[in-house]
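See below for the structure under consideration.
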Amino acid sequence: MALTREQMAQRIAQELEDGFYVNLGIGIPTLVANYVPDDIEVMLQSENGLLGMGQFPTEDEIDADMINAGKQTVTALKGASIMDSADSFAMIRGGHIDLTVLGAFEVDVNGNIASWMIPGKLVKGMGGAMDLVAGAENIIVTMTHASKSGESKLLQECTLPLTGAGCIRRILTDLAYLEIENGAFVLKERAPGVSVDEIVAKTAGELVVPDHVPEMNIPA
Amino acid sequence: MALTREQMAQRIAQELEDGFYVNLGIGIPTLVANYVPDDIEVMLQSENGLLGMGQFPTEDEIDADMINAGKQTVTALKGASIMDSADSFAMIRGGHIDLTVLGAFEVDVNGNIASWMIPGKLVKGMGGAMDLVAGAENIIVTMTHASKSGESKLLQECTLPLTGAGCIRRILTDLAYLEIENGAFVLKERAPGVSVDEIVAKTAGELVVPDHVPEMNIPA
Amino acid sequence: MSGFDKRVSSYEEALQGLEDGMTLLAGGFGLCGIPENLITEIKRKGTRDLTVVSNNCGVDGFGLGLLLEDRQIRKMIASYVGENALFEKQLLNGDLEVELTPQGNLAERLRAGGAGIPAFFTATGYGTPVAEGKEVRDFNGRPHILEPAITGDFAIVKGWKADTYGNVIYRHTARNFNPLAAMAAKVTVVEVEEIVEPGMLDPDAIHTPGIYVNRLICGTFEKRIEQRTVRS
Amino acid sequence: MSGFDKRVSSYEEALQGLEDGMTLLAGGFGLCGIPENLITEIKRKGTRDLTVVSNNCGVDGFGLGLLLEDRQIRKMIASYVGENALFEKQLLNGDLEVELTPQGNLAERLRAGGAGIPAFFTATGYGTPVAEGKEVRDFNGRPHILEPAITGDFAIVKGWKADTYGNVIYRHTARNFNPLAAMAAKVTVVEVEEIVEPGMLDPDAIHTPGIYVNRLICGTFEKRIEQRTVRS
């Protein structure tokens, strides 16, 4: 069965390591924070200028001057630091973030990513997405494998305007975990109960399927 | 008579305006701080990262963590701010300093300045001098008009390696105040008792001498 | 030090000299840390044909959104816009021009403008529509694009506390683009919640040194919240 | 958050992995804000053929001058050197190579290295020996040169206070190049005068966020003064 949004977040959380500085995009990536393993600690960076983002505030704690990149009210952890936007993106663009998780419309076999603009629809802007994909050493893209109408989002070549070129190596979809190697998607893991055939059918870009494709380890 | 070092500083101090942020180089420029007119206030910037430099400390106030660009112990004024070296030079290179006063070995009619290196002598480095001449909107160079052996320091073309190209407009020597216009020195003021002839004789670069060259107003 | 007392006595005085067609740099991220009262004064003043550089353009009826109502903005340089319907309408009508720039590039371009760096190379935006017409060069085996600095005629900035010399401290994530806008304009106007005497702020903790501040005014702020999220 | 506790238990551990031939970024201006004990440990360790990036090179017998005694420095990138006789001797002998770079360019190149900006244009140095071999381009009617970023294998940094997560505050003008060196190295080692628990430092007043700090150690410092000037 395809992974739920929560299960996708659970799988991504397995990539976290103790001491990681992590930037989580809006949507499924945000959920990853709920599944940090008990025995490790990570620190969340919010690109508007907060390193060490905490939980949402209580009613009493709400502070208009303390928000995250999604413009939501948040709190700061003990040991947090706050910086201006240039210093915040220096962290991101300088490659100091250990893991960045973000959504996408499309990814292709050359590591290109499209996530911000659908021609014909109103363009609202890229925000920090282009900086995040260009700067993070280690990016995981997470999205459904195919659109609701069944069209693959893993392409030979992105059709939408790019957010970044040649910068993606790792993708988690609701069906599979894949890595990009030598201009092809390599199928590394299947969602529990999802067949290789289904993944093959829903992957438009070149796909390398190893002899053995293990199932993901998703806790019940 | 040629101006003393103190008189040179006095003349430069006449260029100060209330509210000026000023960077003073080592030597004669430093003396300018002693002659700030009573009715105005200026704030001194030290390029190691101090805006609002105060007096030297008393014995009790000495603090190894509070020094100026000459590595001397100093104090900070009330209302001072301290910044890292990149932010300090952002002020300088971004043109936010109102007046920079520095010494030189040579200046030429094209506004070139040489102040940091004499070939054959050991090169110790330019420090912040190249940044100061490139960044300050408003620079006054101060030096003796000629060397001790009588050779002019105001040249048609600098002979020493440059500190900056085309960045100097105003020069105060012990004999004269001059400005550079259209590829020539223009004699604006004479030191009290110094003849135009002496200045002409000691200026190697093209010199424009107006019909009337007033004497500087140097308080006794 | 009278020459360093940056205080002005009215918002009208604070924005004196802001004229039609000028480039305005505005601090703030979403509605957080925006110079509310300076924006209101620009609306009152009716300055038109502004090019506004700001990460966002407010919402309907608040923040920079107020300047859309009378079409005071001709061009917007931003990373994310369209949190309000009026913006969308003016954009589709052609009444408003938008230059989208990645958030990190926007921040760095403002800093560069303030720091005397006319252009810098960055990997951000390579291979995307943002790179169109820009020089591409490889460094360390990766392609980068050349981005120009941004400077403005006026900057409107929201601080928390300042001393009379214009040394400013921001509070929490309301800092965002404010110190960068402050660096990059010919005339920087800062409104704060509290003005104190020189010597009351720690010199080691100043975010914007007074050298960048031309005018200073104390105001009161609504601080509207865009996404009020709480935990149970 | 054990993963964020940056403390190490000895200077030896602090500099583990520093090897011959590496590039070392050092904070400090003159003798102010220099990582005294980390320098001493490098001397003890005997690491050789270092390229050292620092505004100055200490004095005879103190600061980076200590590393000259056993010829541990192969190349120095600095803005002003030669406050000591040994430096001069090694330079004239050809035992030591020097790349002089203007102070502001040095600072900005380190920041660029940390911020992922591989190169930037600056007016500083145009028309001088510093510009030799560098690209020149006009912006706003003025010539500028292209300067590359600087990065290092290790940075040695002197802070004042830090929390265990490596959030650092510097004291007065001892800040200087320290936060810039901290940004630009693969491994950043910070020594401070006091280590406190997370939450004890104001998040709005952190100079170097812990993300830049790999190792943290508490030391005692001589803080030698180069020019002791007093008023009467």
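Residue numbers (the working numbering), protein chains in the order written: chain A, -18 to 201; chain B, -18 to 201; chain C, 169 to 400; chain D, 169 to 400. Beta carbons are placed, not taken as given, at the ideal position from N, Cα and C, and that holds for glycine.
Give me the chain C residues within the contact set of residue i, using Cβ-Cβ distance strictly less than 9 Å, ordered along the chain.
i                      : result
leucine 206 of chain A : Outside the shown range of chain A (-18 to 201) lies residue 206 of chain A, about which nothing can therefore be said.
Would residue i pass as an interface residue toward chain B - the criterion being a Cβ-Cβ separation below 9 Å?
i                         : result
arginine 279 of chain D   : yes
isoleucine 379 of chain D : no
serine 170 of chain D     : no
threonine 397 of chain D  : yes
valine 298 of chain D     : yes
glutamate 276 of chain D  : yes
Ignore the nearest five residues each way along the sequence and tell me which others in residue i's own chain have a CB closer than 8 Å to its CB.
i                        : result
aspartate 306 of chain C : His312
glutamate 362 of chain C : Trp328, Lys329, Ala330 and Cys386
valine 360 of chain D    : Lys326, Gly327, Trp328, Lys329, Ala330, Val336, Leu384, Ile385, Cys386 and Gly387
asparagine 49 of chain B : Ser27, Asn29, Leu31, Met34 and Val55
Residue i versus chain B: which residues are under 7 Å apart at the beta carbon?
i                      : result
proline 366 of chain C : Lys59 and Gly60
proline 347 of chain D : Asp65
Does residue i get closer than 9 Å to chain A when you measure Cβ to Cβ?
i                         : result
glycine 226 of chain C    : no
threonine 191 of chain D  : no
tyrosine 333 of chain D   : yes
isoleucine 363 of chain D : no
How would you call residue i, buried or exposed, if buried means at least 16 neighbouring beta carbons within 10 angstroms?
i                        : result
glutamine 240 of chain C : buried
arginine 279 of chain D  : buried
leucine 103 of chain A   : exposed
glutamine 184 of chain D : exposed
glycine 106 of chain A   : buried
methionine 64 of chain A : buried
lysine 257 of chain D    : exposed
Once the 5 residues before and after residue i are set aside, which same chain residues still bring their CB inside 7 Å of it?
i                        : result
threonine 255 of chain B : Any answer about residue 255 of chain B is impossible in this case: the structure gives chain B only from -18 up to 201.
glutamate -13 of chain A : Leu12
Given that residue i touches chain C, what residues does it touch there, using C-beta distances under 8 Å?
i                         : result
methionine -18 of chain A : Those do not exist, as methionine -18 of chain A stays about 30 Å from chain C at its closest Cβ, beyond 8 Å.
aspartate 44 of chain A   : His340
Once the 5 residues before and after residue i are set aside, which same chain residues still bring their CB inside 6 Å of it?
i                         : result
proline 142 of chain A    : Met98
lysine 354 of chain D     : Asp321
glutamate 265 of chain D  : Lys243
asparagine 252 of chain C : Val227, Asp228 and Gly233
methionine 169 of chain C : Summary for methionine 169 of chain C: the model assigns pLDDT 47, below 50, so the residue's position carries little reliability; its value from the coordinates is reported in the next sentence. None.
leucine 186 of chain C    : Thr215 and Phe322
glycine 282 of chain C    : Met351 and Ala352
threonine 191 of chain C  : Thr219, Gly320 and Asp321
At 8 Å on the CB atoms, spell out the chain D contacts of residue i, in chain order.
i                      : result
glycine 109 of chain B : Ser247, Pro270, Gln271 and Gly272
Under 7 Å between beta-carbons, which chain D residues line up against residue i? List them in chain order, please.
i                            : result
aspartate 32 of chain A      : First, the amino acid is wrong: residue 32 of chain A is leucine here, not aspartate. What leucine 32 of chain A touches in chain D: Pro377 and Ile379.
tyrosine 2 of chain A        : Ile379
phenylalanine 307 of chain C : Pro286 and Ala287
aspartate -1 of chain A      : Ser170 and Gly171
Run through chain D and tell me which residues come within less than 9 Å of residue i, C-beta to C-beta.
i                      : result
proline 38 of chain B  : Thr397, Val398 and Arg399
proline 142 of chain B : Thr296 and Pro297
Would you verify that the beta carbon of residue i is, or is not, closer than 9 Å to some beta carbon of chain D?
i                         : result
alanine 115 of chain B    : yes
isoleucine 94 of chain A  : no
threonine 290 of chain C  : yes
isoleucine 120 of chain A : no
glutamate 22 of chain A   : yes
Please list the partners that residue i has in chain C, where partner means a Cβ-to-Cβ separation under 7 Å.
i                         : result
glutamine 53 of chain A   : Gln395 and Thr397
lysine 105 of chain A     : Tyr248, Val249 and Gly250
isoleucine 152 of chain A : Neighbours of isoleucine 152 of chain A on chain C: none; closest Cβ ~18 Å, over 7 Å.
Any heavy atom of the ligand MN closer than 8 Å to the beta-carbon of residue i?
i                     : result
serine 400 of chain C : As presented, the structure is devoid of all ligands, the ligand MN included, so that no description of it is given.
Would residue i count as contacting chain C if we go by Cβ distances under 9 Å?
i                         : result
glutamate 28 of chain A   : yes
isoleucine 337 of chain D : yes
aspartate 372 of chain D  : yes
glutamate -4 of chain B   : no
asparagine 49 of chain A  : yes
Check the Cβ of residue i against every Cβ in chain A and list those closer than 7 Å, keeping chain order.
i                         : result
glycine 282 of chain D    : Ala71 and Gly75
asparagine 344 of chain C : Asn29, Gly30, Asp65 and Ser66
If the cut is a Cβ gap below 8 Å, which residues of chain A does residue i touch?
i                       : result
arginine 216 of chain C : Simply none; closest approach about 24 Å.
Practice task
Tell me, please, whether the region -7 to 1 of chain B touches the region 28 to 39 of chain B by the rule of three or more beta-carbon pairs shorter than 8 Å.
Solution key: Verdict: no, contact absent.
Exercise for the section: Could you tell me whether the region 175 to 185 of chain D touches the region 194 to 201 of chain D, using the rule of 3 or more Cβ pairs below 8 Å? Expected result: Between the region 175 to 185 of chain D and the region 194 to 201 of chain D, the count of Cβ pairs shorter than 8 Å is below three; the stretches do not touch.
Handout entry: Stretch pair the region 287 to 302 of chain C + the region 131 to 140 of chain A: three plus CB contacts closer than 8 Å
Key = Short answer: they don't touch.
Exercise for the section: Would you be able to state if there are at least three C-beta pairs under 8 Å between the region 108 to 122 of chain B and the region 171 to 179 of chain B? Expected result: In the pairwise beta carbon analysis, the region 171 to 179 of chain B is classified as not touching the region 108 to 122 of chain B: fewer than three pairs are separated by under 8 Å.
Exercise for the section: Kindly confirm or deny that the region 70 to 82 of chain A and the region 367 to 385 of chain D touch, where touching means at least three C-beta pairs closer than 8 Å. Expected result: Contact between the region 70 to 82 of chain A and the region 367 to 385 of chain D is established, with three or more Cβ pairs separated by less than 8 Å.
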